[in-house]
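**Student:**
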Amino acid sequence: MTQSQIIEHDIQLDRVAPAGRVGLIALATDCNSEQDLRRMYPEGVELFTNRVLNANPVTMQNLRNMAGDISRAAGGILPGFTLDAMIYGCTSGTVANGVEKIQQLVQESCPGVPVTNPLSAALAAFAHFETRRISVLTPYIEDVNLEMAAWFEIHGIEVVNIAGFGYESDIDMTGIPPQEIANAASRVCDDNVDLLFISCTAIRASLVIEQIEQTIGKPVVTSNQALAWHSLKLVGCKQAVTGYGSLFHQ
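Taking the numbering used here, I'd label the letters of the sequence shown as residues -11 to 238.
1) CA-CA distance, D2 and T104?
2) From the DSSP output, in three-state form, read off N262 for me.
3) Do the CB positions of A190 and T162 come within less than 8 Å of each other?
4) Per DSSP, what kind of secondary structure is V46 in: helix, strand or coil?
5) Terminal residues of the continuous beta strand (DSSP E) containing R9?
6) Touch check for the region 0 to 19 and the region 36 to 47: three-plus C-beta pairs under 8 Å?
7) Looking at C-alpha atoms only, which residue of D24, Y155, I122 is the closest neighbour of D178?
8) Work out the CA separation of D131 and Q213 for me, nearest whole Å.
9) What does DSSP give as the partner residues of I122 in its beta bridges?
10) Leaving aside the five residues before and after A73 along the sequence, list all residues of the same chain whose C-beta is less than 6 Å from its C-beta, in chain order.
11) With a threshold of 8 Å, are at least 3 pairs of Cβ atoms found where one atom belongs to the region 107 to 114 and the other to the region 43 to 60?
12) Among all the DSSP beta bridges, which residues are the ones paired with Y232?
13) Enumerate in chain order the residues of its own chain whose CB-to-CB distance from T201 is below 8 Å, with the five nearest sequence positions on each side excluded.
14) Quick one: using the 10 Å Cβ neighbour count with 16 as the cut-off for buried, is V176 buried or exposed?
15) Round the Cβ separation of N42 and T17 to the nearest angstrom and send it over; I've been treating them as touching at under 8 Å.
16) Can you tell me which residues form a DSSP beta bridge with V103?
17) Hey, would you say V196 sits closer than 8 Å to I169, going by beta carbons?
18) On a Cα-Cα basis, can you pick out the residue from W139, S59, I186, I(-1) that is closest to P166?
19) Quick one: measure Cβ to Cβ for A84 and L51, integer angstroms, because I've assumed they're closer than 8 Å.
20) Terminal residues of the continuous alpha helix (DSSP H) containing T203?
21) So, are the CB atoms of I129 and G100 less than 8 Å apart?
22) For V4, does the three-state DSSP call read helix, strand or coil?
23) So I61 and V40 are supposed to be a Cβ contact under 8 Å. How far apart are they, rounded?
24) Straight-line CA distance for D182 to W217?
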């Protein structure tokens, strides 16, 4: 017969993620945001993920349809374990559903936990740079681009121009080579703007932020970079982050 015993011990348990615990609601079709955020987070900050049901193609209606699953996805991230911040990881989905609705749906399952999303994080980054006028690069189709530009205009940011690659699949968006993002960024960024915003958590723009900044001579804000920066502020982490643009330098 197998013998079983409980080992006598006097162990002081380590605190999981001592510098910050961040929950991420990622899209079911997203291949990139988890890896992107983990690359940027300093040691001791950990990301815990669940996925919200969504469907390609990336249209405004499909983006709105995911709202019904957001609370369920949020509640499935370490239930009973306190998180320091929650991220809803979809830029165009935030345009489609609204910042206030996203926050409400997340906090139905995670009351009291600070919530961010790519647009709120981007606006905080714009304020950090005292930004009023931007160029925008996206992977989206035109309808989604126009909705995004209108959202920024309503929130006091002049969108001088916006250009997209025209993809309708998150998986295709992740497949865009980072160097192609950098090449497009240098063509899209208008000389008269304060910075360039590169939208979408599915694309690998963070890998070429510093290259683009050197080329255009302006700050670059991307969806995942802004989320990393903003969520670190929400959890109170002041550790240095290098290699991901001037947003982390100031």
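From the three backbone atoms N, C-alpha and C, an ideal C-beta is built for every residue, glycine too.
As the structure is a computational prediction, the values presented were derived from the model and not from experiment.
**Tutor:** With the structure as the only source:
1) Working through the sequence shown from its first residue, we reach residue 2 at position 14. Working through the sequence shown from its first residue, we reach residue 104 at position 116. In a straight line, the C-alpha of D2 is about 27 Å away from that of T104.
2) There is no way to answer for residue 262, as the model of the chain reaches only from -11 to 238.
3) Translated into the one-based positions of the sequence shown, residue 190 becomes position 202. Translated into the one-based positions of the sequence shown, residue 162 becomes position 174. A contact, by the Cβ cut-off of 8 Å.
4) Working through the sequence shown from its first residue, we reach residue 46 at position 58. Looking at V46 - three-state DSSP - the assignment turns out to be coil, as it is neither helix nor strand.
5) Locating residue 9 in the sequence shown gives position 21, counting from the first residue. Per DSSP, R9 belongs to the beta strand (DSSP E) from 8 to 15.
6) yes
7) If you number the sequence shown from 1, residue 178 lands on position 190. For D178, the nearest C-alpha among the options comes from I122.
8) Residue mapping note: residue 213 aligns to position 225 of the sequence shown, counting from 1. Residue mapping note: residue 131 aligns to position 143 of the sequence shown, counting from 1. Taking the straight line joining both Cα atoms gives about 24 Å.
9) On the sequence shown, residue 122 is found 134 positions in, with the first residue counted as 1. Partner(s): V147, L183.
10) As a working note, residue 73 is residue 85 in the sequence shown. If we look at A73 and ignore the five residues flanking it on each side, its Cβ neighbours are V10, P102, S219, L222, V223.
11) no
12) Numbered from its first residue, the sequence shown carries residue 232 at position 244. In the DSSP output, where bridge partners are listed per residue, Y232 has none listed.
13) As a first step, residue 201 is located in the sequence shown; it is residue number 213 there, counting from the start. Position check: residue 201 holds Glu in this sequence, whereas Thr was assumed. The residues are P207, V208, G233, S234.
14) As a first step, residue 176 is located in the sequence shown; it is residue number 188 there, counting from the start. Buried: at least 16 other Cβ atoms inside 10 Å.
15) Start at 1 with the first residue of the sequence shown, and residue 42 comes out as number 54. Start at 1 with the first residue of the sequence shown, and residue 17 comes out as number 29. Sure, about 6 Å apart at Cβ, within 8 Å.
16) Mapped onto the sequence shown, residue 103 falls at position 115. DSSP, once it has assigned bridges, lists M74 as partnering V103.
17) The residue you call residue 196 lines up with position 208 of the sequence shown. The residue you call residue 169 lines up with position 181 of the sequence shown. Yes; because the gap between Cβ atoms is below 8 Å, this pair is in contact.
18) Stepping through the sequence shown from its first residue, residue 166 is reached at position 178. Cα-wise, what sits closest to P166 is I186.
19) In the sequence shown, the residue the question calls residue 84 occupies position 96. In the sequence shown, the residue the question calls residue 51 occupies position 63. Yes, they are in contact, since the Cβ atoms of A84 and L51 sit about 4 Å apart, within 8 Å.
20) Along the sequence shown, one-based indexing puts residue 203 at 215. 197 to 204 is the span of the alpha helix (DSSP H), which, as asked, contains T203.
21) Residue mapping note: residue 129 aligns to position 141 of the sequence shown, counting from 1. Residue mapping note: residue 100 aligns to position 112 of the sequence shown, counting from 1. No. Outside cutoff.
22) Residue mapping note: residue 4 aligns to position 16 of the sequence shown, counting from 1. Coil, per DSSP.
23) What you label residue 61 is simply residue 73 of the sequence shown in a count that begins at 1. What you label residue 40 is simply residue 52 of the sequence shown in a count that begins at 1. Before going on, a small fix: residue 61 reads as Ala here, not Ile. About 4 Å; that satisfies the 8 Å criterion.
24) Walking along the sequence shown from the start, residue 182 turns up at place 194. Walking along the sequence shown from the start, residue 217 turns up at place 229. One C-alpha to the other measures close to 19 Å.
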